[in-house]
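All remarks here apply to the structure that follows.
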Amino acid sequence: MTEEIKVPEMSESTVEATVGKWHKQVGDPVQEGDPLLELETDKVNLDVHSTVDGILTTLNKQTGDTVIEGQTLATISTEETSSKKSKNNSQWDQEEETTKESVDITPIAKTIAQKNNIDFSNIKGTGKDGKITKEDIENYLDNRNKSSKTIDPPISKKTDKLEPEKSLETRIKLSRRRLTIAKRLTEVQQETVMTTTFNEVDLSKIIEIRKNFQTKFLETHNVKLGFMSFFVKAVINSLIKFPEINSELQNEELILKKYYDIGIAVSTDEGLVVPVLRDALNKSFSEIEITIGELATRARKKLISLEELQGGTFTITNGGIFGSMMSTPILNPPQVGILGMHRIIERPMVKNNDIVIAPMMYLAVTYDHRVIDGSSAVQFLGHIKQLIEDPHALLINL
């Protein structure tokens, strides 16, 4: 009996994948649940596991191949081939050992041969009665090394170089995720009318709250009180006030969503991913901080699932963690809005006719101008600013 290992069901938005690293090779025994290979999708890497015990008999796809759902990746024989293979290997090892033991060889020669993985049963000895000596093994090694040497190509004496040496250039094949990111960034530029509005926000009161309650918050919830939970709460409050920004354009209809699943952009070694904070409206500050931390950790360890990356209604990205002072975030389709946070910089500001030093952050909201008017976007961002500068309203759900 043979079992086919097929490309698993992925998601509606993921139609194909690239075969990554094979963890098993033809002839390897496998058990149910063993990881066989890695599939690279545009969002995450997925391990495909064995569904049965047996021997891997064929690899139908190679590393780099593009595959779709349902295609056969490999076949596994479920017959008792594993025990047969073990028996055959044991028998072969016994025969090999018997053969080697019957060969007359000095102890030091045998040690050198074993260290260099030499089958000395076929070497003709020059010692007494044909005994294989140390010199015989060393001569065998010399001949083997000579045969493996290659002649270096002659060095050109030409000094005129019109092009840089190839050694100074490196070609790197783009991963499927990077190719998909490039494709989608191009599509969103072509298919939407992205416009960005900016504002600045004073974080003095949030910083004061964090300073006063950080120790107690950490002791109570085992997580630090960060800035992101305040911004998530402020965004949701503003989305309720401006529902057209929590929407999706499908054909000639605008779908207003009355649930608030907030995407949080996370940078990984293979590019940006956006895990979704589900039902963020009903989460407390501590639940938001804990969930975001868990999602970010799984994303960076490549343990995030496709389901955790789908269905967001609005996205928040924070370029400030990399030192960005200002940027224009790009929409995460099919969403029509995204908030960009940035670096906190202490700057002189005028307050009540006095010049004070305040911790300021530039905020940016990019929106799809096809469905959102500029006035709505500006007021939406202004409302976020108001809530961040007076966070007590967030704490009592005003």
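Just so we're aligned: the sequence shown equals residues 1171 to 1568 in my numbering. A virtual CB, placed ideally from N, CA and C, is assigned to each residue, including glycine.
Do the CB positions of residue i and residue j come within less than 8 Å of each other?
i        : j        : result
Arg-1513 : Met-1495 : yes
Ile-1486 : Ile-1434 : yes
Lys-1213 : Leu-1424 : no
Asn-1230 : Leu-1209 : no
Leu-1442 : Asp-1431 : no
His-1219 : Gly-1203 : yes
Phe-1290 : Ile-1278 : no
Lys-1191 : Gln-1241 : no
Thr-1367 : Val-1506 : no
Val-1273 : Thr-1248 : no
Ala-1528 : Asp-1372 : yes
Leu-1557 : Val-1535 : no
Lys-1428 : Asn-1215 : no
Ala-1469 : Thr-1498 : no
Leu-1476 : Met-1511 : no
Gly-1544 : Thr-1365 : yes
Ile-1288 : Tyr-1310 : yes
Asp-1306 : Ile-1293 : yes
Lys-1304 : Thr-1276 : yes
Could you check if residue i is buried or exposed, using at least 16 other CB atoms within 10 Å of its CB as the buried criterion?
i        : result
Gly-1295 : buried
Met-1531 : buried
Ala-1352 : exposed
Phe-1383 : exposed
Ser-1417 : buried
Met-1398 : buried
Lys-1411 : exposed
Thr-1281 : exposed
Gly-1489 : buried
Thr-1483 : buried
Asn-1286 : exposed
Met-1171 : exposed
Thr-1340 : exposed
Thr-1233 : exposed
Asp-1538 : buried
Gly-1493 : exposed
Ile-1491 : exposed
Val-1436 : buried
Ile-1474 : buried
Asp-1112 : This structure cannot speak to residue 1112, because the chain is shown only from 1171 to 1568.
Val-1520 : exposed
Thr-1356 : exposed
Leu-1565 : exposed
Ignore the nearest five residues each way along the sequence and tell me which others in residue i's own chain have a CB closer than 6 Å to its CB.
i        : result
Ile-1569 : Nothing about residue 1569 can be read from this structure; the chain reaches only from 1171 to 1568.
Pro-1503 : Val-1358
Leu-1465 : Pro-1445
Arg-1540 : Val-1363
Pro-1413 : Leu-1426
Arg-1347 : Asp-1212, Glu-1440, Gly-1441
Ile-1525 : Pro-1518
Pro-1205 : His-1193, Asp-1217, His-1219
Glu-1174 : Thr-1242, Thr-1245
His-1391 : Ser-1456
Leu-1451 : Ile-1406, Tyr-1430
Lys-1255 : Bear in mind that the predicted position of Lys-1255 carries a pLDDT of just 49, short of 50, making it unreliable; the figure below should be weighed with that in mind. Counting only Cβ-Cβ distances below 6 Å, and skipping sequence neighbours, we find nothing.
Leu-1419 : Val-1541
Could you pull the DSSP bridge partners for residue i from this structure?
i        : result
Thr-1188 : Glu-1210, Thr-1236
Pro-1529 : Glu-1516
Thr-1228 : Thr-1245
Ser-1437 : Leu-1442
His-1193 : According to DSSP, which records beta bridges pairwise, His-1193 is partnered with nothing at all.
Ser-1417 : Leu-1426
Ala-1466 : According to DSSP, which records beta bridges pairwise, Ala-1466 is partnered with nothing at all.
Ala-1563 : Per DSSP, none; premise fails for Ala-1563.
Ala-1450 : DSSP, once it has assigned bridges, lists no residue as partnering Ala-1450.
Tyr-1537 : Thr-1365, Gly-1507
Identify, in the order they occur along the chain, each residue of the same chain with its Cβ nearer than 7 Å to the Cβ of residue i, setting aside the five sequence neighbours on each side.
i        : result
Glu-1179 : Glu-1239
Ile-1379 : Pro-1561
Ser-1454 : none
Asn-1369 : Leu-1533, Leu-1551, Gly-1552, Lys-1555
Gln-1201 : Ser-1220, Asp-1223
What does a CB cutoff of less than 8 Å around residue i pick up in its chain, not counting 5 residues either side in sequence?
i        : result
Leu-1344 : Ala-1352
Lys-1394 : Gln-1384, Phe-1387, Leu-1388, Glu-1459
Glu-1308 : Ile-1282
Ile-1542 : Glu-1414, Ile-1415, Val-1506, Gly-1507
Leu-1207 : Val-1189, Gly-1190, Lys-1191, Trp-1192, His-1193, Lys-1194, Asp-1217, Val-1218, Leu-1243, Ala-1244
Ile-1376 : Phe-1397, Phe-1400, Ile-1558, Pro-1561
Gly-1300 : Asp-1274, Lys-1294
Any heavy atom of the ligand ATP closer than 7 Å to the beta-carbon of residue i?
i        : result
Asn-1309 : Among the components of this structure there are no ligands whatsoever, and the ligand ATP is therefore not found.
- Item | Those runs of the beta strand (DSSP E) which lie wholly inside the region 1344-1379 and span at least 3 residues | Correct list: 1364-1372.
- Complete runs of the beta strand (DSSP E) confined to the region 1489-1514 [at least 3 residues]: Fully enclosed beta strand (DSSP E) runs of 3 or longer: 1507-1511.
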